[in-house]
Structure formats: C-alpha cells, structure tokens
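Engineer:
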Amino acid sequence: MSNSEIEPPGKLDLESDLEGLPGELELTDPLAAAPLSMRRSKPYFKKFKEPDSDEEVGDPRNLFNVQESWRTLMSLSSCQKVMVSEKVQKALKIEVGINVTQEFPWKQVQFKDLRDVLFDELENSAELMKKFKNFNPDHYVLMGFCPLLTEQDDDPPEGDPFIFYSSIKESKMALSIIQNMEHFDRWRMQRRLRKKPRRWVSHGTDEEMTILVEHFKDEPIDVEIQSVYPIQMPRHVAFDYRMTRDVRDGVIELLPNENIKWDNVTKKRINVSVQSAPPKIDREQQTNPTFPSNAWSQYLYEIDDEDLELDETDVDEEEEKKKAQAKPGTYVEPEKPPPEMSAQIEMLLNTLDFNQIDSYRDDYTLISSRQVVQYTNPYLQEFLCFANISKSNKRFVAGYDWYPKLSGLIAVSYAFSTPATINEAGNRVDYVQRAVLEPNPVLLWSFSDNLNYKLEFEAPIENTALTFCPFNGDILLGGSKNGQVVLWDLQGRCERLDEEEYLTAAQAKYRVMIGEFLNWTIDIEDNVIAPATISGLDCSPKGAITGFYWLGRSIYLSQFGKVYNDTDPRNNHKFFVTCAFDGTISFWDLDGKGAKGGKEKMRNRMLPKALTQSESAFKSLAIKPTYNLSFPEPLTGIIADTSCFSCLTPVARLIHANPSNYPIKTIAKDPPTVRQSMIVSTFYGHVSRIDWQGTYTEGEPTEMINSSTPFAMVHDGPVVMVKKNPFYPQLFVSIGRTIMAIWKEDYNYSPIFWRRRACDLTAVAWSETRPAVLYLTRIDGILEAWDILARDDDACLTEILGGGIITGITEHRPSLPYKILGIGDYNSSIRMVKLPHSFDVPLPNELQQLMNYVLKEERRKMGIQAWEQKYYELNKDIIEAKREAEAETRKEMERLEKEEQLATRKKGHKSAEEGGGGGEEERKKPYSGLNYNEKMAVMWDELNLNRMMTILMSRKQMDPEKLARETALEKERHAYEAAKKKSHSDVLARVENDIANIRARILPAEIADMQRSEMIAERVKREIENADTYEQVCEDSFEILSKFNEFKSIDYIEFLERGRQRRRLLDQSLGGNTDRLLWYEERVRLGELGECQFGYESVGGTQAEESSQPEFAATHFMLPKSSSNTVVDTVAEEFEG
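Quick note on the numbering used here: the sequence shown kicks off at 1138 and runs consecutively.
The structure is reproduced here in structure tokens:
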C-alpha cells in the first residue's frame, strides 16, 4: 500500500447534494432513515458507474448510497474506533482541520508511529498489539476521521473520533469502497457544475423566423444578372459609426470552436501609460532606378534636317586650301566650336551617369511624403575621455563642477577614497608618506583637448568636493579632506586658454636676451594656479567636506545664526553652505573684508598692470565660517532652501563657430525665502530634518543640534548622496547601499517610492532638461536612466560602462550641439557620453504631470498611514506584545550567536595548538573561526569574483554551461595535478619522521646521561612550573599578614640574615654544593682572602686594592677549572641578591 492520501467525501456532502431535488428530502426507506446500529448488517459493495446521460438519473441514491458505504466501512471486523487527542494528532500529522477534514478524512500512517504514539494513551493497547501481531512496522495503516461516531452524543469524550483497520485484507476492501465514494463525489460535483437547459421564453421574434417552419417544397427561381462595371479609380468613402441602438434586436448564437484553446491574460500593474509601437510590417514597393531606363531615353534625342545636309568633306577641303596659301609658321588652326545640341540631348546627357549607379540612395522619401515615427532602442555614445594617470594614479574622481561662463570646461579633483568606495581592511597605508610625497591633483579639462589638461590647481591636501562660484566664474572652491576650504582665483585664464601669442622678430630676440639675463630665476608655469587663500584650520570643520551649496544673492546670515532676506536689489551677497563628515554644517561668506592696508593698494595701483596680473584680489581674504551647526552623525549631503541653476546659450552662429567652448550665462533660481531648517543625510543610513534657532549672545558661533525629525528608514546602508530636483525643489532623491528613494520634503512618513537595485549605488543626478528623469550609477559599473513618468518599477535605460565602480555623474547644462553626461569611473578618468534624444527633449507639460504623480502617491500613502494608525489603535495590545517578543527573541539570538562565535574561536585556537587536527573541517567551512570583519572580507572577495566572471562572460559572449562542459576535463586534470603535488609534499614532510621511526626500530634506545647540574636545573624548572604565580603568592601573603595583628616588626639587617639562612637551607635541600661558599665566608671573616691563590696572576695596584674588598671579590673571584658551572651561577645569584 503506497503512502498516498485518500480523501473520500463525508456524509454531509450527500445531504447537501440532495437539496433541491423534488422528493429527495423525504427518506421513504425506513432502513435508510434508521440509525447506523439498527440498519441491516449486509455489507454494501456496489461499484459506481457513471450514467450515459444526466436526464436518465432520477434519484442519485439509486446509483450509489454513501450512507451504506460508511456503514460498511465501520462494520468491518478489523475496524477500530478510537478517540485521539490533539497532542497525538500533531505527532501523527493527522490534526483535524489542518491535515484531515470532514471532506478529506483519510490518511495513511506508519504502524511504528501509530504504535509508539497512539497505543500508549489507549486503555486497550494490549488487545490492539495482539491484533497487530506480526505486522511490519514500516507498513502503513489506513486511518480516517469519523465524526459520525460522536455526533449523537451530548457529552462526547475528550479528543476526536478516528477509525483504522488492523487487517490488510479489510484495508484493501475499505480502499475499494473509498475509491467508489470518491468517484461518485466527483461525478456529483461535475453534475452540479453543468448548467441545465431552461425553457425558451419568447419575446416576439419567433413569429418572424421561418427557418424553423417545415416546408415541403421550395419553388426554384431562375435569375440571370448581367452587369458591366466600368474601371474607376477608388473613391473616398467616409465611414460612420453604427450604434446598437440603430439596429433592431435579433437572435445571435455564439459558439466557440472546440479546437480553440483559450490563453488567460494576466493583468499587470501599470502605474502610468506606456506607449506601444505598431507591429513591424515588411512590404515591397518598386521605385525608380537611379539611372534612366531604356523605355524613356532611347528615342528622346532628335536630329534636325539641317544636320543631314552638312557635308564634313567640304569643310576639310577649305581648311586645307587656307593652310597651303598661308606662310610657313603663320597659320593658326581655328578652334572648332562645340556642336549645338537640342534640349532633349542636353537633358539626356545631364541625366545619364555612366558607371556611377547610386546603389545606396534612400528611397523612403520617394515612397511617401508623410513622416512616420521610428522607435529605436536608446544607447549611450562615448566620445571623450579625460585622464592623466601620471597625476591621478590609483585614485577616484571625488569632486567635479562645470565652469559657469563657458561650455565644455569641467574641474575635477581626485582622491584615494570617497563615501561610495570600499577600502579593504588588509591594505595598510602610510598616511604620513602619502600626505608628504603624493600629489593632490585638481585639474581643469576642456572639450577642445581631451589629451592634455588646461589648468592645474595646487592643493595642499586631497580635495573631496569642488564648486565654481555661480556669481563669479573666476572663483573655484575646494573642500579638503581635513575640513579646510581652499580658494583659487583663475583671473580670467579660462577665456585665454586657446589664445596664441604672435611675436615679431625683434620681440622674439628681445625676449631671448631678457631670458639670458634672468636665467637664474625660477620658471613659473602659466597653467599652474596656486591657492589664493585657505581657511584657518582652527575654525574649519574637522572632517572631510562632502558638499557645497549656494544661497540666493539676497540671502545673508548674521553671526548669531539668523537668516535674513535683503530687499535692496543693489546688495548682492555670496553665502554658501558646506557639510562635513564630522557632522558640521558651516555657513561661509565670500564678501569678507581683507587685511591688506591702503598703502599696499596704492602701491599696486602705481605699478604696471603686467606686474600685478598674477596677484589675486582674494589673497589677503581670511575666510572662516560665519555660523556652524554641529550634528552627532557624519553628514554626506543636505537639502535646504538653496539656489538651483540653469543656463542660457547664445545664437547658433556663435555655437557653430566654437562648438567646444562657446559662452553661456548661468541663471540662478533663488527661493523666495530661506527657512532655518534643512534635511540632512548621514553615513549611518538616516535621513532627518533639523532646525536651528540661533544664539542671542556673542561667543563661539556654533550651535549643537540635539533633536531631529527622522524620515522613514528605508536604506540598508550609508546614505552616500542626496540630490534636489532643479525643477521641483520639494522633490529629492537619496541613495543608500542598494536602495534608491524619492522623497517629498514635507512628507517624512514614507518615500514617494523606493526601489532595491542589484548592487550598491554610488552616485545620482537629476536631468537638467527633463524634470522626471534621473541617472543612477552602481558599484559594478552600470548606469541606469530612470524616467518616472514612463515607468517607476525599473530603469528605462541600463548601460554597462565597465567592470569597476563609478564614483561620480554630472550632466552638462547646455544642450547644444548635443546633451552630454560626465561619468567618473574607477580608472581616475571622467568620460563624456552623448545622451539619447529621448532624455534631452522635455515632454509637453512634463513638470505638471510629475507634480500630479507625486501628489497622487502622497495621497495614497496618507490613506495607508491613516489605516495603519486605526489598525494600531484597535490592536495595540497585540502589536506591542508581538514587538516585545520579537525584541526578546532578537536579544536571545544575538547572545547565542556570540556564544557560538566564542566557542568556535576557542575551538580554532585549540586545534591550532594541537597541530591542526581539524584541518579538513576548517577547509570545508571557510567562515568558521573568523570574526565578523573577516567573514565580510571573504564574502566580498567571493562576490567580487562572481561579478568579474559575469562581466567577462558577457563581454566574451560565452555560455557558462558550454564553458563548464568544455573545461570539465581540464579542471579534472588540474585537480589531479594539485592532489598529486599535495601528496608528494605530504610524503616529503613525513620523511624525517619515517626515518626517525625506522632508526628507533633498528638502533637501541639512547638514554641521555644527564649530569648533576642538568638534573638540578630540570628539577628547579619543574618546581617553578608547579609553583604558584607571583600574584597568588602576594595575595596569600597579604592575607596571612593581615591575620597577625601583633606581628613583631624586624629590622632590615635581621630580615636579610633570615633570608640568607633560608637560602642556605634551600641549597642543601636541593642538593647544591655549598662547601666552597662556606670556605669563602670563612676566609672573608678571617681576612685571609687576599692571600689565597685563585689560579690567575695578580692584578695591578688599584684592582688589587679593590679585590681586597668583599663586594669586589664577590663579583670577580674565580674557581678552579674542575668546579661546576652551576655552583658559580648559584654563588653569583646569592651575592647579587
């Protein structure tokens, strides 16, 4: 009997099926209406057969009786009726309502489970064991849920009623009955689903129908029709709508074909409308060839009658006569005029292009004059790459900004790390050597030259952020890694990048002569710009600058942190905001007063312009923050009421004259007011809104931010960048680890939408021309372009730009001659790609559509929030209890994980001490015995390897399965070679041990002859190992001393004497040689030490005098050669102590 579930119907289904049949509610059979105990004892084994037609069926009980079948099942001799508790049901997996029900009551249970679990709770277990005698424990017992046993009882016993069979033969009989019951139930359910035909109800149309009227004969009608259809051009026919209300009702029968298979259409979630392209249709159309055909050109030319009368021989004779009459050398042959051609001949010659047939002519314009929209797949086209490996090797693109006065100029800074990069823990870096020896490149690149940078900016420290002043393009600000702000003054150099100097011969000679006189001076490179000023280290932030933001021209900030709006249009302020990695938000003012005196200014005015050209006006400007805000988390970006910028391009004539660097004008879109509030993103993965109040007293201009309003936590890692939409300032985007989220400033409950990407995100930028388009970059080198109005579930464009990280992305504001996107990658290069036309041209009313979309999503989120709040208030106790249980479970899991890590670490140390006994298990489990950082490093290496293999496979267009099949034999060979080498190395490592074992078997055992000194040293070593530690001895000693309150104090001399006596006793107990020590002490006491001969020549006067002293003798005396070295060491230790 197989282990399959048998699910027969129950009694209640039959009663429900009999409802609705006339006469079926009354049980006319008295035996059928009687209870089970009073019915006839004859078993019911009728086999059910489906009738040919449903119309022949009257009472379904005549075909098959379900009640009699149940009576027969329970009347079998081996049928056992038991009450099973819930505990046993869970153990046997026959729980009522889950595993078995009244509709599907049957289950097969292994006998050994039934014996071990159920029989122990039954009173007649001994009787059941006798019935199941010699029953195989692995066989299955048919068991069913039978509620009929207790439905008549007012007070049923505990548990649920079940029946099972102890005989295999009767189990098979019961199985056949169950199959018939199941067959009958399926037929009955199918009979219910089939709809019965109803009587026809006429509404008057049958009177007009003659198709159903029987006709004995149809009169034939002979009809002859003759028509002549003139050949006419098809005329225009205007179609009209035919409504159902215009046509009278009729009878229509729609019958589908039996061979048609219906395909279900799954309804998908579509947020916005999606433009679908029409199907592609290939048609052929004959077009005119590029050369004239013979049909119209053969007879086009014509010859006049006058040409036929002209005889060329007469013309030649006249020319010969004139030549003969002329003097030799004076005859000039007249030029023959070109033959005159008719208009037809000229047109033919102008049209015919012999051997120049144009096979590539575009015939689509000749087919139709109506334009058709062509749908193509967008792609990025790279056309420029800026890189200088000599200055930016092993660095990433950190900061970048476009020059605001000319197109095609971008300043780029390079750094060894960015907030989006990952530094391996194993790489050790000498930061002092890097800061001293490594350069800190900040370069200016131009579209006119992609091989050489135009300007280089000297920087004392790595710059992590850059920005040009939008109000003065000659000012470039850089944010350093240590928090300082560096200011460079270009002094109009960008406008003179492509200027060439033309010198006359005299000027060139004079310049060479001056150069010879000034050859001792230092050559100053004209393309290197030194910093004009640097902010003070004491007043600057202490962390790396992560962003610059400019305030409006009418906004200024006081030293007390209050924001004001200047209504005077003549006043133009230059305030900007920085955020740093130490949590500092600083407000800076570029209009600060310099420290240069009036005399210095007057002296510079009197100097020629050429001598003051390289000196910046900002050289003496001391820039420092006007006000600071301190936040307790590292900041990566802010969203505030700062300015957004757009640009105006000149006329097309100027653009075509210099398409790489044409003049542009930056226009600031300033907010009307600035609130003392902003949104910050942190490296801890938080997005919060902070407010500052300002100070009311003079002092340090710093305010601590202790409270903030958090936004919803959706990011699964550090928030590395936030960007504000330039068209819709209330909308901003944030990226953190693998999550991209779109937010609305005044709604922090949930983002408008958020999406999880395949890997970490590194940079984000909004489009400068389309409000609903943004660009994302990933750590695996993929760029994604999102069009929110087209689709918000996935990117519209996904482009692979390389296999490494992309650290920056920026869009060139001018759109002419084409839209450009700058991408900074892992090779310390910034690449320029052309954007598709669809991401450049804005849609009609696109901004309003985006606002409607955002407001619609906000209303939907607010409705969900209200529903959640209502649900929480109704089920507050349950939710809080569940949260507490989850918190406790989380704490318990963390504790168990820490204990497991500690045990694994101890086990790893123990196995390492024992000689690597568990090496096989450690190799099988690469993460065992590692801490969290090491585990993450191993997992990162594996993910990086898989990513690189995926990129290589896609680049080489190789199939992984095919590659695995082709390299299987080669991998087996390499594995065999590796195993062979390992076996050889193991054999070579065991050679010394094998030789030692063989030598021990052949040669007798060598017993080391230990000298007395070695025995003493070994015993002392063993005693020291068994002795207590110094800390334990000190503790025991202080404890003993504390118990003797009346301990008699002794002086230092007596203490030394007792120690010397104790040392002598120890030497005697350890077997030391103390005879010579006693001899030495006796000679010192008698003063005869100088008369003793120690076996060496006497020393000079001073040394002899010193040798007579006991202290000197104790350190310099020598014993005979036969004395033991151990005794000498013992004596020396004694007197040194």
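C-beta atoms are modelled at their ideal positions from N, C-alpha and C, and glycine is treated no differently.
Taking the alpha helix (DSSP H) that residue 1301 falls in, what are its first and last residues?
Structural biologist: Careful: residue 1301 lies outside any alpha helix (DSSP H), inside the beta strand (DSSP E) at 1297-1302.
Engineer: If I follow the unbroken beta strand (DSSP E) through residue 1544, where does it start and stop?
Structural biologist: That residue, residue 1544, is in no beta strand (DSSP E); it is neither H nor E in DSSP.
Engineer: Identify whether residue 2216 lies in helix, strand or coil by the three-state DSSP scheme.
Structural biologist: Helix, per DSSP.
Engineer: Would DSSP call residue 1820 helix, strand or coil?
Structural biologist: Coil at residue 1820, not helix or strand.
Engineer: Skipping 5 residues on each side, what residues in its chain have a beta carbon closer than 7 angstroms to that of residue 1518?
Structural biologist: Same-chain partners within the cutoff: 1970, 1971.
Engineer: For residue 1277, which beta-bridge partners are listed by DSSP?
Structural biologist: For residue 1277, which the question treats as bridged, DSSP gives the partners 1247.
Engineer: Look at the Cβ atom of residue 1902, then the Cβ atom of residue 1912, and state whether they are nearer than 7 angstroms.
Structural biologist: Yes. Within cutoff.
Engineer: How many angstroms separate the CA atom of residue 1702 from the CA atom of residue 1862?
Structural biologist: Approximately 23 angstroms, taken between the alpha carbons.
Engineer: For residue 1665, I'd like the list of residues in its chain whose CB is within less than 6 angstroms of its CB, leaving aside the five on either flank, ordered along the chain.
Structural biologist: Cβ neighbours of residue 1665 beyond the five flanking positions: 1593.
Engineer: Run through the stretch 1892-1925 for me and flag every whole alpha helix (DSSP H) of 4 or more residues, listed as ranges in chain order.
Structural biologist: None, since the stretch 1892-1925 contains no complete alpha helix (DSSP H) of that length.
Engineer: Put residue 1858 into one of helix, strand or coil per three-state DSSP.
Structural biologist: In the structure shown, residue 1858 sits in a strand (DSSP, three-state: E or B).
Engineer: Write down the C-beta distance between residue 1533 and residue 1551 rounded to the nearest angstrom, noting that I regard them as a contact closer than 8 angstroms.
Structural biologist: Contact flag correct, Cβ pair sits at about 7 angstroms.
Engineer: If contact is defined by three or more beta carbon pairs under 8 angstroms, each pair taking one atom from either stretch, is the stretch 1880-1898 in contact with the stretch 1915-1932?
Structural biologist: Enough Cβ pairs lie closer than 8 angstroms, so yes.
Engineer: Can you tell which of 2082, 1181, 1227, 2011 has the C-alpha that lies nearest to the C-alpha of residue 1207?
Structural biologist: Among 2082, 1181, 1227, 2011, the Cα nearest to that of residue 1207 belongs to 1181.
Engineer: For residue 2122 and residue 2116, what's the separation of their Cα atoms in angstroms?
Structural biologist: Looking at the two C-alpha atoms, the distance is approximately 10 angstroms.
Engineer: Tell me, please, which residues DSSP counts as bridged to residue 1604.
Structural biologist: 1614, per the DSSP bridge assignment.
Engineer: Quick check on the burial criterion: 16 or more other C-beta atoms within 10 angstroms. Buried or exposed for residue 1622?
Structural biologist: Its Cβ being crowded by 16 or more others within 10 Å, residue 1622 is buried.
Engineer: By the three-class DSSP mapping on this structure, what secondary structure does residue 2132 have?
Structural biologist: In this structure, residue 2132 counts as helix in the three-state DSSP scheme.
Engineer: Under 7 angstroms between the Cβ atoms of residue 1246 and residue 1265?
Structural biologist: No, Cβ-Cβ distance for residue 1246 and residue 1265 is not below 7 angstroms.
Engineer: Can you check whether the C-beta of residue 1771 is within less than 7 angstroms of a C-beta belonging to chain B?
Structural biologist: In the structure shown, chain B cannot be found, because there is only a single protein chain.
Engineer: Mind checking residue 1801: buried by the 16 CB within 10 Å criterion, or exposed?
Structural biologist: Burial call: buried.
Engineer: Give me, in chain order, the residues of the same chain whose beta-carbon lies closer than 8 angstroms to that of residue 1256; leave out the 5 immediate sequence neighbours on both sides.
Structural biologist: Closer than 8 angstroms at the Cβ level, and outside the excluded window around residue 1256, lie 1262, 1265, 1266.
Engineer: Who are residue 1582's beta bridge partners in DSSP?
Structural biologist: Residue 1582 pairs with 1547.
Engineer: Count the other C-beta atoms from every protein chain shown that fall within 10 angstroms of the C-beta of residue 2073, then say buried if there are 16 or more, exposed otherwise.
Structural biologist: Label assigned to residue 2073: exposed.
Engineer: Considering only residues of the same chain and omitting the five flanking positions on each side of residue 1205, which have a CB-CB separation below 6 angstroms?
Structural biologist: Cβ neighbours of residue 1205 beyond the five flanking positions: 1181.
Engineer: Short of 7 angstroms in beta carbon distance, which residues of its chain neighbour residue 2229, apart from the five on each side in sequence? Order them along the chain.
Structural biologist: Closer than 7 angstroms at Cβ, skipping near neighbours: 2220.
Engineer: Given a cut-off of 7 angstroms on the beta-carbon distance, is the pair residue 1786 and residue 1694 in contact?
Structural biologist: No.
Engineer: Determine, using beta carbons only, whether residue 1900 and residue 1925 come nearer to each other than 7 angstroms.
Structural biologist: Not a contact, by the Cβ cut-off of 7 angstroms.
Engineer: Look up residue 1927 in the DSSP assignment and say whether it is helix, strand or coil.
Structural biologist: Three-state DSSP puts residue 1927 in coil, outside helix and strand.
Engineer: In whole angstroms, what separates the C-alpha of residue 1314 from that of residue 1259?
Structural biologist: Distance between the alpha carbons of residue 1314 and residue 1259: 28 angstroms.
Engineer: Quick check on DSSP: helix, strand or coil for residue 1946?
Structural biologist: If DSSP states are grouped into helix, strand and coil, residue 1946 belongs with the strands.
Engineer: Are the stretch 1674-1681 and the stretch 1612-1622 in contact at 8 angstroms, needing three or more beta carbon pairs?
Structural biologist: Yes, the stretch 1674-1681 touches the stretch 1612-1622.
Engineer: For residue 2061, count neighbouring C-beta atoms within 10 Å of its own C-beta (all shown protein chains included) and say buried if the count is 16 or more, exposed if not.
Structural biologist: Low confidence applies here, because residue 2061 scores a pLDDT of 47, under 50, leaving its location unreliable; read the following figure in that light. Residue 2061 should be labelled exposed.
Engineer: For residue 1806 and residue 1536, I'd like the C-alpha separation in whole angstroms.
Structural biologist: In a straight line, the C-alpha of residue 1806 is about 23 angstroms away from that of residue 1536.
Engineer: Secondary structure at residue 1878, three-state DSSP: helix, strand or coil?
Structural biologist: Here residue 1878 sits in strand by DSSP.
Engineer: For residue 1444, name the three-state secondary structure that DSSP assigns.
Structural biologist: Any reading at residue 1444 must be qualified, since the residue scores a pLDDT of 47, below 50, and its modelled position is unreliable; the value itself is stated next. Three-state result, residue 1444: helix.
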